[in-house]
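Engineer: Mind having a look at this structure? Questions to follow.
Okay, here's the thing in structure tokens:
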């Protein structure tokens, strides 16, 4: 009897007539069916997740490969251009030297001969010449003949084979394989995007610390300046409600002001990571003067250019944030105001601002 009383349903405490081999619980007929239905549902979800995984892997792999391919080809193209430029500059110097050797002495001889010819014509025209004049002109003419004979020497040129001082090595990046992080404490950037932003910045292994996260610190402009005022160089990452990822970098300080204050920054740039046009991650340079790189005003969030990208206060609650690109930044992909979100106005769901992490 004690044995029967102990074998109770784990849900309703009625007599449990069946035991699950997985969880070892006993169930009454009703709750055993419910337990099996629960297991069937979980297993069906597992099958669904497994069937979707190859598509996610293929999509993620494709995006990573395209982004890496663009970055790597850009680097090798720059290296090639620089090498060709160096060779061209050296060849131009050699050409100029050849012309100098071939023409300088000849030009001098011709000038001397022209001078003697003019003096001979003058003497003949005026019928005014004596023994010493003939002797002097004859000596000068003889010297020209000597110079001509000397100038017959051929110019010799030795062209050595081009030897590169170093090899271009291509291998797997250990940092990628080991999952090294460069942007700490944020949630918006995958490793590939972190690497891409560091390439835009110009230092591949640069570390960044999160100084502002809107969902943690607040979306108001007061929250932004409270966290970002006078932090030095910063990189701002914005995620729109449409899921697009973009932002900008500035080496200038964010500073709260009652009215607009604009900063000059030759190093500032905008970027897109995820956009509606399937444009690969792209860096957009500031204008040649670096003017209006960022704008600071107490009632507004981070603003790049004369509203190339302008984030309004409480940007998660309204669609007043705007894209006026290109105004002070250069559009290299031709999508204009639609570049970042596909719309002139947008809402945000997250903003992260990173400052340089010093060792």
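Numbering (this note's numbering), first residue to last: 7 to 365.
Where is the CB? At the ideal position from N, CA and C, for every residue including glycine.
1) May I have the straight-line CA-CA distance separating residue 217 from residue 232, to the nearest angstrom?
2) May I have the straight-line CA-CA distance separating residue 82 from residue 89, to the nearest angstrom?
3) Whole angstroms is fine: what's the gap from residue 351's alpha carbon to residue 48's?
4) Can you tell me the Cα-Cα spacing of residue 87 and residue 257, whole angstroms?
5) I think residue 202 touches residue 356, with their Cβ atoms under 8 Å apart; what is that distance to the nearest whole Å?
6) Taking the alpha helix (DSSP H) that residue 227 falls in, what are its first and last residues?
7) Check whether the Cβ atoms of residue 304 and residue 240 sit closer than 8 Å, and answer yes or no.
8) Should residue 283 go down as buried or exposed, given a rule of 16 or more other Cβ atoms within 10 Å for buried?
9) Within a Cβ cutoff of 7 Å, which residues of the same chain sit near residue 180, ignoring the five residues on either side of it in sequence?
10) Rounded to a whole number of angstroms, what is the C-alpha to C-alpha distance between residue 128 and residue 152?
11) Compare the C-alpha of residue 336 against each of 138, 321, 272 and 324 and name the closest.
12) Ordered along the chain, which non-local residues of its own chain (more than five positions away) have a Cβ less than 6 Å from that of residue 219?
13) What separation, rounded to the nearest whole angstrom, lies between the Cα atoms of residue 221 and residue 302?
14) Going by alpha carbons, who is nearest to residue 290 out of 276, 323 and 297?
15) What is the DSSP secondary structure of residue 9, counted as helix, strand or coil?
16) Have a look at residue 321 and residue 228 and give me their C-alpha separation to the nearest angstrom.
17) Check the DSSP bridge columns for residue 57 and list the partner residues they point to.
18) Beta-carbon separation of residue 361 and residue 267 under 8 Å?
19) Under a three-way DSSP split, which group does residue 122 fall into?
20) Answer with buried or exposed for residue 410, where buried requires no fewer than 16 other C-beta atoms within 10 angstroms of its C-beta.
21) Determine whether the beta carbon atoms of residue 270 and residue 297 lie at a separation below 8 Å.
22) By the 10 Å Cβ neighbour count, where 16 or more other Cβ atoms means buried, how is residue 254 classified, buried or exposed?
23) Enumerate in chain order the residues of its own chain whose CB-to-CB distance from residue 342 is below 8 Å, with the five nearest sequence positions on each side excluded.
24) To which residues does DSSP link residue 318 through a beta bridge?
25) Taking the alpha-carbon of residue 235 as reference, which of 259, 243, 250 and 215 has the nearest alpha-carbon?
26) How is residue 164 classed by DSSP in three states: helix, strand or coil?
27) Start and end of the beta strand (DSSP E) containing residue 354?
28) Please identify the residue among 148, 344 and 33 whose C-alpha is closest to the C-alpha of residue 278.
Structural biologist: If we stick to the structure as given:
1) Residue 217 and residue 232 have their C-alpha atoms roughly 10 Å apart.
2) 10 Å
3) 41 Å
4) Taking the straight line from one Cα to the other gives about 28 Å.
5) Under the criterion of beta carbons closer than 8 Å, residue 202 and residue 356 do not qualify as touching, at roughly 18 Å.
6) 227-234
7) no
8) exposed
9) At residue 180, the pLDDT of 47 sits below 50, so the modelled position is not reliable and the matter cannot be decided from this model.
10) 25 Å
11) 272
12) Non-local C-beta neighbours of residue 219 in its own chain, meaning closer than 6 Å and more than five positions away in sequence, comprise 358, ordered along the chain.
13) So the alpha carbons of these two residues sit roughly 21 Å apart.
14) When each option's Cα is compared against that of residue 290, the closest is 276.
15) For residue 9, the predicted structure reports a pLDDT of 38, less than 50, and the residue's modelled location is therefore unreliable. A value from the coordinates is still provided. Of the three classes helix, strand and coil, the one that applies to residue 9 here is helix, per DSSP.
16) 12 Å
17) BP columns for residue 57 are empty, so no partner.
18) no
19) helix
20) The first residue shown for the chain is 7 and the last is 365, placing residue 410 beyond what the model contains.
21) yes
22) buried
23) Short of 8 Å from the beta carbon of residue 342, and not among the five residues preceding or following it, lie these beta carbons of its own chain, in chain order: 331 and 332.
24) 306
25) 259
26) coil
27) 354-362
28) Looking at the Cα atoms, 344 is the closest of the given residues.
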